[in-house]
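Residues in the sequence shown are numbered consecutively from 9, following the working numbering.
Glycine is no exception: its CB is placed at the ideal position from the N, C-alpha and C atoms.
Computed from a predicted model, the values in this text were never measured in an experiment.
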Amino acid sequence: MSLYRDEGIVLRTQKLGEADRIVTLLTRGHGRVRAVAKGVRRTSSRFGARLEPFMHVDIQLATGRTLDVVTQAETIAPYGMSITDDYGRYTAATAILETAERLTAEEGEPTVQHYLLLVGALRTLAEGAHEPGLVLDAYLLRGLSVAGFAPSFSDCARCDAEGPHRLFSVQAGGIVCRSCRPSGTVAPAPDTVALLGALLTGDWDVADASEPRARREASGITAAFLQWHLERGLRSLTLVER
9 MSLYRDEGIV LRTQKLGEAD RIVTLLTRGH GRVRAVAKGV RRTSSRFGAR
59 LEPFMHVDIQ LATGRTLDVV TQAETIAPYG MSITDDYGRY TAATAILETA
109 ERLTAEEGEP TVQHYLLLVG ALRTLAEGAH EPGLVLDAYL LRGLSVAGFA
159 PSFSDCARCD AEGPHRLFSV QAGGIVCRSC RPSGTVAPAP DTVALLGALL
209 TGDWDVADAS EPRARREASG ITAAFLQWHL ERGLRSLTLV ER
(Lines of atoms letter the chains of each structure in order from A; the text may use other names.)
(Lines give C-alpha, C1' and ligand atoms only; values in the text may rest on other atoms or scores of the structure.)
Protein backbone atom coordinates (compact mmCIF):
# COMPACT_ATOMS: atom_id res chain seq x y z
CA MET A 9 0.00 0.00 0.00
CA SER A 10 1.23 3.51 -0.83
CA LEU A 11 1.06 6.32 1.71
CA TYR A 12 -0.17 9.88 1.24
CA ARG A 13 -0.61 12.84 3.56
CA ASP A 14 -3.22 15.60 3.62
CA GLU A 15 -5.11 17.89 5.94
CA GLY A 16 -8.83 17.64 6.45
CA ILE A 17 -11.97 18.14 8.50
CA VAL A 18 -13.70 15.12 10.01
CA LEU A 19 -17.28 15.11 8.68
CA ARG A 20 -18.66 11.89 10.11
CA THR A 21 -17.73 8.65 11.85
CA GLN A 22 -19.32 5.19 11.81
CA LYS A 23 -18.62 2.21 14.02
CA LEU A 24 -16.90 -0.73 12.37
CA GLY A 25 -16.50 -3.98 14.25
CA GLU A 26 -15.62 -3.85 17.93
CA ALA A 27 -12.86 -1.26 17.95
CA ASP A 28 -12.62 0.44 14.52
CA ARG A 29 -14.37 3.36 12.86
CA ILE A 30 -14.98 4.48 9.31
CA VAL A 31 -14.04 8.16 9.17
CA THR A 32 -15.32 10.50 6.44
CA LEU A 33 -13.17 13.58 5.87
CA LEU A 34 -13.15 16.52 3.52
CA THR A 35 -9.49 17.00 2.66
CA ARG A 36 -7.68 19.83 0.95
CA GLY A 37 -5.92 17.82 -1.76
CA HIS A 38 -8.02 14.68 -2.18
CA GLY A 39 -11.57 15.90 -1.69
CA ARG A 40 -13.91 13.69 0.27
CA VAL A 41 -12.21 10.57 1.64
CA ARG A 42 -13.54 7.58 3.59
CA ALA A 43 -10.99 5.64 5.59
CA VAL A 44 -10.77 3.02 8.33
CA ALA A 45 -9.29 4.15 11.63
CA LYS A 46 -8.26 0.94 13.35
CA GLY A 47 -8.56 0.58 17.09
CA VAL A 48 -9.72 4.17 17.70
CA ARG A 49 -12.59 3.10 19.94
CA ARG A 50 -10.17 1.56 22.43
CA THR A 51 -9.21 3.73 25.41
CA SER A 52 -5.56 3.11 24.57
CA SER A 53 -5.90 4.58 21.05
CA ARG A 54 -3.25 7.18 20.24
CA PHE A 55 -5.45 9.34 18.03
CA GLY A 56 -9.09 8.39 18.66
CA ALA A 57 -10.06 11.81 20.04
CA ARG A 58 -8.47 13.52 17.04
CA LEU A 59 -10.79 11.74 14.63
CA GLU A 60 -14.09 13.12 15.88
CA PRO A 61 -16.45 15.37 13.89
CA PHE A 62 -15.42 19.05 13.55
CA MET A 63 -11.73 18.30 14.17
CA HIS A 64 -9.14 19.78 11.80
CA VAL A 65 -6.33 17.27 11.35
CA ASP A 66 -3.11 16.53 9.53
CA ILE A 67 -3.56 12.94 8.47
CA GLN A 68 -1.55 10.18 6.84
CA LEU A 69 -3.38 7.39 5.02
CA ALA A 70 -2.48 4.18 3.26
CA THR A 71 -4.40 3.39 0.10
CA GLY A 72 -6.55 0.27 0.29
CA ARG A 73 -8.68 -1.78 -2.06
CA THR A 74 -12.02 -0.36 -0.96
CA LEU A 75 -11.23 2.01 1.91
CA ASP A 76 -8.01 3.76 2.79
CA VAL A 77 -6.49 3.23 6.25
CA VAL A 78 -5.53 5.98 8.72
CA THR A 79 -1.94 5.49 9.87
CA GLN A 80 -1.29 8.83 11.59
CA ALA A 81 -3.36 11.81 12.73
CA GLU A 82 -2.23 15.08 14.30
CA THR A 83 -4.48 17.89 15.43
CA ILE A 84 -4.25 21.18 13.54
CA ALA A 85 -7.17 22.87 15.33
CA PRO A 86 -9.51 21.24 17.89
CA TYR A 87 -12.68 23.02 16.73
CA GLY A 88 -14.80 20.26 18.21
CA MET A 89 -13.85 21.20 21.77
CA SER A 90 -15.55 24.61 21.78
CA ILE A 91 -18.29 23.70 19.28
CA THR A 92 -19.66 20.78 21.28
CA ASP A 93 -19.81 22.86 24.47
CA ASP A 94 -22.56 25.11 23.04
CA TYR A 95 -25.87 23.80 21.67
CA GLY A 96 -26.31 26.60 19.14
CA ARG A 97 -22.80 26.16 17.75
CA TYR A 98 -23.12 22.38 17.77
CA THR A 99 -26.38 22.21 15.80
CA ALA A 100 -25.18 24.81 13.28
CA ALA A 101 -21.87 22.98 12.83
CA THR A 102 -23.65 19.64 12.40
CA ALA A 103 -25.76 21.10 9.59
CA ILE A 104 -22.60 22.54 8.02
CA LEU A 105 -20.88 19.13 8.03
CA GLU A 106 -23.92 17.42 6.51
CA THR A 107 -24.07 20.08 3.78
CA ALA A 108 -20.35 19.72 3.05
CA GLU A 109 -20.76 15.99 2.54
CA ARG A 110 -23.81 16.47 0.30
CA LEU A 111 -22.14 19.14 -1.85
CA THR A 112 -19.02 17.00 -2.43
CA ALA A 113 -20.67 13.89 -3.82
CA GLU A 114 -17.63 12.57 -5.72
CA GLU A 115 -15.02 10.89 -3.53
CA GLY A 116 -11.41 11.62 -4.36
CA GLU A 117 -12.17 14.79 -6.35
CA PRO A 118 -10.25 17.82 -5.01
CA THR A 119 -12.59 20.64 -3.95
CA VAL A 120 -10.29 23.25 -2.46
CA GLN A 121 -12.91 26.02 -2.38
CA HIS A 122 -15.36 23.83 -0.46
CA TYR A 123 -12.60 22.79 1.90
CA LEU A 124 -11.46 26.34 2.67
CA LEU A 125 -15.07 27.46 3.10
CA LEU A 126 -15.68 24.64 5.58
CA VAL A 127 -12.54 25.38 7.60
CA GLY A 128 -13.47 29.06 7.77
CA ALA A 129 -17.03 28.33 8.92
CA LEU A 130 -15.92 25.97 11.70
CA ARG A 131 -13.19 28.35 12.84
CA THR A 132 -15.73 31.19 13.03
CA LEU A 133 -18.14 29.05 15.04
CA ALA A 134 -15.43 27.86 17.40
CA GLU A 135 -14.27 31.43 18.05
CA GLY A 136 -17.83 32.65 18.60
CA ALA A 137 -17.21 35.58 16.26
CA HIS A 138 -20.79 35.71 14.95
CA GLU A 139 -24.21 34.31 15.84
CA PRO A 140 -24.26 30.59 14.86
CA GLY A 141 -27.36 30.88 12.67
CA LEU A 142 -25.73 33.62 10.61
CA VAL A 143 -22.56 31.56 10.16
CA LEU A 144 -24.66 28.58 9.04
CA ASP A 145 -26.70 30.55 6.51
CA ALA A 146 -23.55 32.23 5.16
CA TYR A 147 -21.95 28.82 4.69
CA LEU A 148 -25.04 27.38 2.99
CA LEU A 149 -25.32 30.26 0.52
CA ARG A 150 -21.60 30.28 -0.26
CA GLY A 151 -21.42 26.50 -0.48
CA LEU A 152 -24.24 26.48 -3.03
CA SER A 153 -22.47 29.25 -4.91
CA VAL A 154 -19.24 27.22 -5.09
CA ALA A 155 -21.30 24.26 -6.33
CA GLY A 156 -22.64 26.40 -9.20
CA PHE A 157 -25.97 27.46 -7.70
CA ALA A 158 -25.19 31.08 -6.79
CA PRO A 159 -28.38 32.96 -5.92
CA SER A 160 -28.99 36.52 -7.09
CA PHE A 161 -30.09 39.05 -4.48
CA SER A 162 -29.98 42.20 -6.62
CA ASP A 163 -30.48 41.92 -10.39
CA CYS A 164 -33.18 39.69 -11.87
CA ALA A 165 -32.04 36.07 -11.89
CA ARG A 166 -33.80 35.46 -15.20
CA CYS A 167 -33.35 38.54 -17.40
CA ASP A 168 -30.56 40.38 -15.51
CA ALA A 169 -32.69 43.51 -15.21
CA GLU A 170 -30.97 45.84 -12.81
CA GLY A 171 -32.33 45.71 -9.28
CA PRO A 172 -33.34 46.12 -6.60
CA HIS A 173 -36.43 43.93 -7.04
CA ARG A 174 -38.86 42.74 -4.37
CA LEU A 175 -39.72 39.20 -5.45
CA PHE A 176 -37.77 36.00 -4.72
CA SER A 177 -38.14 32.68 -6.55
CA VAL A 178 -36.32 29.54 -5.47
CA GLN A 179 -36.86 27.91 -8.87
CA ALA A 180 -35.59 30.96 -10.78
CA GLY A 181 -32.46 31.23 -8.67
CA GLY A 182 -33.08 34.34 -6.63
CA ILE A 183 -34.58 37.80 -6.94
CA VAL A 184 -36.76 38.32 -10.03
CA CYS A 185 -38.45 41.31 -11.62
CA ARG A 186 -42.23 41.48 -12.05
CA SER A 187 -41.99 40.62 -15.77
CA CYS A 188 -40.16 37.35 -15.00
CA ARG A 189 -42.23 36.45 -11.95
CA PRO A 190 -43.00 32.69 -11.91
CA SER A 191 -45.55 31.05 -9.66
CA GLY A 192 -44.58 30.48 -6.05
CA THR A 193 -42.63 33.71 -5.57
CA VAL A 194 -42.38 35.42 -2.19
CA ALA A 195 -41.80 39.06 -1.33
CA PRO A 196 -39.23 39.23 1.48
CA ALA A 197 -38.68 42.47 3.36
CA PRO A 198 -35.91 44.74 2.01
CA ASP A 199 -33.90 44.15 5.22
CA THR A 200 -34.07 40.40 4.59
CA VAL A 201 -32.78 40.76 1.03
CA ALA A 202 -29.96 42.99 2.30
CA LEU A 203 -29.06 40.38 4.91
CA LEU A 204 -29.04 37.56 2.34
CA GLY A 205 -26.73 39.56 0.11
CA ALA A 206 -24.45 40.34 3.05
CA LEU A 207 -24.22 36.67 4.05
CA LEU A 208 -23.33 35.68 0.49
CA THR A 209 -20.60 38.31 0.15
CA GLY A 210 -19.27 38.17 3.71
CA ASP A 211 -20.36 41.66 4.79
CA TRP A 212 -20.46 40.89 8.51
CA ASP A 213 -21.09 44.48 9.57
CA VAL A 214 -24.49 44.32 7.86
CA ALA A 215 -25.16 40.73 8.97
CA ASP A 216 -24.33 41.33 12.64
CA ALA A 217 -26.54 44.43 12.73
CA SER A 218 -29.58 42.62 11.30
CA GLU A 219 -32.84 42.27 13.24
CA PRO A 220 -34.21 38.90 14.46
CA ARG A 221 -37.17 39.11 12.04
CA ALA A 222 -34.87 39.51 9.05
CA ARG A 223 -32.69 36.63 10.28
CA ARG A 224 -35.68 34.29 10.59
CA GLU A 225 -36.97 35.18 7.14
CA ALA A 226 -33.50 34.86 5.59
CA SER A 227 -33.04 31.45 7.22
CA GLY A 228 -36.32 30.21 5.76
CA ILE A 229 -35.38 31.39 2.27
CA THR A 230 -31.89 29.89 2.56
CA ALA A 231 -33.29 26.52 3.70
CA ALA A 232 -35.80 26.47 0.81
CA PHE A 233 -33.08 27.35 -1.69
CA LEU A 234 -30.83 24.61 -0.32
CA GLN A 235 -33.58 22.00 -0.37
CA TRP A 236 -34.48 22.87 -3.98
CA HIS A 237 -30.92 22.25 -5.19
CA LEU A 238 -30.17 19.23 -3.00
CA GLU A 239 -33.61 17.78 -3.87
CA ARG A 240 -34.20 16.90 -0.22
CA GLY A 241 -33.71 18.69 3.06
CA LEU A 242 -30.99 18.26 5.66
CA ARG A 243 -31.87 16.09 8.65
CA SER A 244 -29.73 18.22 10.95
CA LEU A 245 -31.26 21.53 9.85
CA THR A 246 -34.45 20.85 11.80
CA LEU A 247 -32.44 20.90 15.06
CA VAL A 248 -30.91 24.33 14.53
CA GLU A 249 -32.09 27.05 16.90
CA ARG A 250 -33.65 29.97 15.05
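1. Within this structure, are the beta carbons of residue 15 and residue 35 separated by less than 8 Å?
2. With 16 as the cutoff for other CB atoms within 10 Å, does residue 123 come out buried or exposed?
3. Report the three-state DSSP secondary structure of residue 93 (helix, strand or coil).
4. Kindly identify the DSSP beta-bridge partner or partners of residue 45.
5. DSSP three-state label for residue 22, please.
6. CB of residue 118 to nearest heavy atom of the ligand NAP: below 7 Å?
7. Does the count of Cβ pairs from the stretch 231-244 and the stretch 88-107 closer than 8 Å reach three?
8. Less than 8 Å between the CB atoms is what I'm expecting for residue 234 and residue 148, so what's the real figure, rounded?
9. Enumerate, from N- to C-terminal direction, the unbroken beta strand (DSSP E) stretches of 3 or more residues contained entirely within the stretch 173-213.
10. For residue 102, name the three-state secondary structure that DSSP assigns.
11. Can you tell me whether DSSP reads residue 11 as helix, strand or coil?
12. How far does the alpha helix (DSSP H) with residue 122 in it extend, from its first residue to its last?
13. Quick one: what does DSSP say residue 170 is sitting in, helix, strand or coil?
14. Just checking my contact of residue 169 with residue 185 at CB under 8 Å: how many whole Å lie between their CB atoms?
15. By the 10 Å Cβ neighbour count, where 16 or more other Cβ atoms means buried, how is residue 159 classified, buried or exposed?
16. Inspect the beta-carbon positions of residue 115 and residue 13 and report whether they are closer than 8 Å.
17. With three or more beta-carbon pairs closer than 8 Å as the criterion, would you say the stretch 63-71 touches the stretch 82-101?
18. Run through DSSP, which three-state label would residue 37 get?
19. Excluding the 5 residues preceding and the 5 following residue 210 in the sequence, name in chain order all residues of the same chain whose CB lies nearer than 6 Å to its CB.
20. Give me the residue from 135, 174, 219, 225 with the minimum Cα distance to residue 189.
21. Using a Cβ-Cβ cut-off of 7 Å (strictly less than) and excluding sequence neighbours within five positions of residue 129, which residues of its own chain qualify?
22. Residue 198: buried (16+ other C-beta within 10 angstroms of its C-beta) or exposed?
23. Identify whether residue 151 lies in helix, strand or coil by the three-state DSSP scheme.
24. Determine the burial state of residue 39: buried for a count of at least 16 other Cβ atoms within 10 Å of its Cβ, exposed for fewer.
So, to answer that:
1. yes
2. buried
3. coil
4. 29
5. strand
6. With respect to the ligand NAP, the structure shown offers nothing to examine, as it has no ligands at all.
7. yes
8. 5 Å
9. 175-177, 182-184
10. helix
11. strand
12. 120-135
13. coil
14. 5 Å
15. buried
16. no
17. yes
18. coil
19. none
20. 174
21. 104, 143, 147
22. exposed
23. helix
24. buried
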